[in-house]
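Protein chains: 2
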Amino acid sequence: MQQDEPGRPEEQATATEAGGALYRRVAADLREAISTGAYGEAGRLPAEGALAEQYGVSRGTVRQALAVLRADGLVTSRRGTRRVVLGNARVQSFSELLSFTHWARSMGEEPGGRLESLLRRPADAAECEQLRLEPGAEVYVTLRLRTLSGAPVMVERTIYPPHVGVLVAQLPADVVSHTEHLREHGILFTDADHTIDVVTANGDDARLLGCRRGAPLLRERRRTTDPTGRPVEWSQDRYLPGTVAFSVHNSLATSALSRHARADD
Amino acid sequence: MQQDEPGRPEEQATATEAGGALYRRVAADLREAISTGAYGEAGRLPAEGALAEQYGVSRGTVRQALAVLRADGLVTSRRGTRRVVLGNARVQSFSELLSFTHWARSMGEEPGGRLESLLRRPADAAECEQLRLEPGAEVYVTLRLRTLSGAPVMVERTIYPPHVGVLVAQLPADVVSHTEHLREHGILFTDADHTIDVVTANGDDARLLGCRRGAPLLRERRRTTDPTGRPVEWSQDRYLPGTVAFSVHNSLATSALSRHARADD
DNA sequence: CGGGCGAAGTTGGCTGACCAACTTGACCAC
DNA sequence: GTGGTCAAGTTGGTCAGCCAACTTCGCCCG
């Protein structure tokens with residue numbers, strides 16, 4: 025039943041940085057197939073065994089690929105029945121979340137930025153805690169206005185530890201993407217914790233974003249670490265309402281999002 | 025060694041449904057060990073092989089357990105080096121996100137709720153789309169005020185498809201947790217898509233929450249499905265600022281969060 | 001015609017094994 | 001010292017196989 029594509033063991037994998045790992049290629053292929061509707065809106069996927077044979081890999085590898093899709097909320101999965109297609113793809117991508125520039129470009133908008141201030145000063149207690157520094161260490165503090173196609177949408181306050189800050193400090197003020205430059209200098213961003221809430225605009229926010237003082241802003245705070253677990257930035261972004269929304273998927277299997285009381289720091 | 029608890033195959037295990045699966049128990053044990061600081065703040069975990077021997081399981085099972093911790097942002101993981109402890113535990117838990125009641129209780133607060141209205145009416149186009157219903161199907165619409173220790177914090181507007189709505193409709197108005205009651209009636213919540221942004225309070229919001237009209241509220245919209253992929257609710261929660269914050273972890277490996285332009289529905 | 005039972009199909013979970021890719025640190029040559 | 005090389009340690013990825021738990025559906029019996 026159903027046209028198997030007999031002589032297509034595996035191959036090409038096209039765009040998206042062709043993940044070298046087999047299971048990534050399988051996952052990418054399945055994601056593609058799902059998003060083009062090959063299995064229908066709420067259709068059922070082939071059995072793991074069938075997929076394994078189709079791709080010429082072991083069932084374990086197929087399961088690894090399916091775990092990726094499940095984590096992305098593309099398919100369900102429960103014992104006893106075939107997997108069911110849940111939704112049609114999601115934008116996802118770690119870098120889109122991390123880098124304003126990357127995110128903007130992926131939407132076809134032109135990102136802009138203006139460095140308002142950059143200074144070096146001793147870290148306070150909270151900053152030492154977040155960036156895991158010894159008391160008295162110096163941090164670099166930046167304040168930037170971010171724009172989409174010229175219109176201001178976000179104010180970004182970032183605190184860098186010394187080893188990252190020195191690199192940021194010597195960057196020209198008109199560099200659009202700090203993240204990309206830092207990557208080229210060996211600073212990698214791999215893990216991030218985000219907290220999202222609402223705050224009111226202070227004087228700086230109002231002046232830069234062109235809103236009233238006290239106007240509501242959507243705030244995203246994040247602490248980012250490199251592969252070794254060392255903090256590389258602690259940032260606070262304040263968005264004008266209506267410009268962004270944050271979106272998450274979670275399931276009983278893989279939950280990453282949580283709701284907190286606002287008693288934090 | 026140390027596989028203690030000989031006569032405790034599985035069971036109750038405190039709140040969080042202690043998964044009977046081996047890898048879940050290993051994950052829970054490691055989570056506990058990490059949060060008590062057994063490996064230090066930024067310390068290194070034992071090698072997979074060592075853990076496997078320690079727990080008397082195969083390395084594959086240990087890897088499965090570690091994948092859970094990695095997804096929760098507790099440890100890093102890269103080829104060549106031991107895993108590094110990232111942060112001290114996180115509240116997580118799917119049900120805390122899903123159920124206001126569950127979340128409140130986990131914080132030691134007393135959740136309350138008052139059903140403001142419940143009506144049945146034909147679904148509009150957007151609702152049919154979200155709940156995957158045929159045009160003209162009837163939906164159940166509820167409006168509830170949610171409180172923490174008596175103080176109003178959130179207004180919840182939920183739209184249920186017929187098969188769930190009929191159950192909700194016959195619930196007493198003073199039932200605190202709809203979710204738990206529905207679970208007892210065989211309605212399971214397993215997957216959810218969330219979108220978080222800022223909106224302004226309308227007349228109903230202002231009256232119920234005791235804020236000004238036009239005051240900013242943190243909005244969470246979610247669509248929840250059961251294990252078969254069938255939508256079971258489409259809800260919109262509006263929180264008073266300062267009462268909650270949403271928190272997410274993501275990494276290059278597992279990304280679930282994304283940032284969108286606010287052009288949606 | 002309805003309901004219960006059982007078999008087939010399917011995913012969850014676990015094991016043991018193997019190799020590749022990468023990191024780290026020690027050692028050695030310059 | 002300085003720098004390069006090498007070996008050991010560790011995680012990533014893949015495979016093949018086995019059993020348990022669960023869902024579905026058809027069949028049979030009352």
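Taken in order, these protein sequences are the chains called A and B.
Remember, my numbering sits 24 above the position in the first sequence when you count from 1.
Remember, my numbering sits 24 above the position in the second sequence when you count from 1.
C-beta atoms are modelled at their ideal positions from N, C-alpha and C, and glycine is treated no differently.
Check                                                                                                                    : Outcome
Boundaries (first-last residue) of the beta strand (DSSP E) holding Phe124/B                                             : Careful: Phe124/B lies outside any beta strand (DSSP E), inside the alpha helix (DSSP H) at 124–130.
Segment contact flag, the segment 197–207 of chain A with the segment 215–229 of chain A, C-beta cutoff 8 Å, min 3 pairs : no
Per-residue contacts from Thr249/B into chain A (C-beta, under 8 Å)                                                      : Thr100, Leu110
Every unbroken beta strand (DSSP E) within the segment 162–204 of chain B, with a cutoff of 3 residues, ordered by chain : 162–172, 175–184
When Thr85/A, Glu180/A, Ala197/A are compared against Ala225/A, the one with the closest alpha-carbon                    : Glu180/A
Whole-angstrom distance between Leu264/A and His205/A, CA atom to CA atom                                                : 26 Å
Near-chain B residues of the segment 179–200 of chain A - C-beta to any C-beta below 9 Å                                 : none
Extent of the continuous alpha helix (DSSP H) to which Leu90/B belongs                                                   : 83–95
Per-residue contacts from Val222/A into chain B (C-beta, under 7 Å)                                                      : Val222, Pro240, Leu242, Pro265
Beta-carbon separation (whole angstroms), Ala161/B vs Ala150/B, contact threshold 8 Å                                    : Incorrect: roughly 13 Å between the Cβ atoms, too far for contact.
Arg156/B: contacting residues in chain A (beta-carbon distance under 9 Å)                                                : Glu65, Ala66
Spatial neighbours of Glu153/B in its chain, beta-carbon cut-off 8 Å, leaving aside the 5 residues before and after      : none
C-beta neighbour in chain A for Thr252/B, strict 8 Å                                                                     : yes
Whole-number beta carbon distance between Leu46/B and Val92/B, since they are thought to touch under 8 Å                 : With a Cβ gap of about 12 Å, Val92/B and Leu46/B do not count as contacting.
Nearest neighbour of Glu213/B, chosen from Leu232/B, Pro255/B, Ala193/B, Val177/B [CA to CA]                             : This sequence places Phe at residue 213/B; Glu is not what is there. Selected option, being the one with the closest Cα: Pro255/B.
Unbroken stretches of the alpha helix (DSSP H), 4 residues or longer, contained in the segment 205–263 of chain A        : 227–233
Spatial distance of Arg144/A from Val165/A (CA atoms)                                                                    : 6 Å
Euclidean distance between Cα positions of Met25/B and His126/B                                                          : Because Met25/B sits at a pLDDT of 36, beneath the cut-off of 50, its placement in the model cannot be relied upon, and the following sentence gives the value as read from the coordinates. Rounded to the nearest angstrom, the two C-alpha atoms are 36 Å apart.
Beta-carbon proximity list for Gly73/A, same chain, < 7 Å, skipping 5 on both sides                                      : Arg83
Span separating the alpha-carbon of Gly234/B from that of Gly238/A                                                       : 19 Å
Beta-carbon proximity check, Pro251/B vs Arg102/A, cutoff 8 Å                                                            : yes
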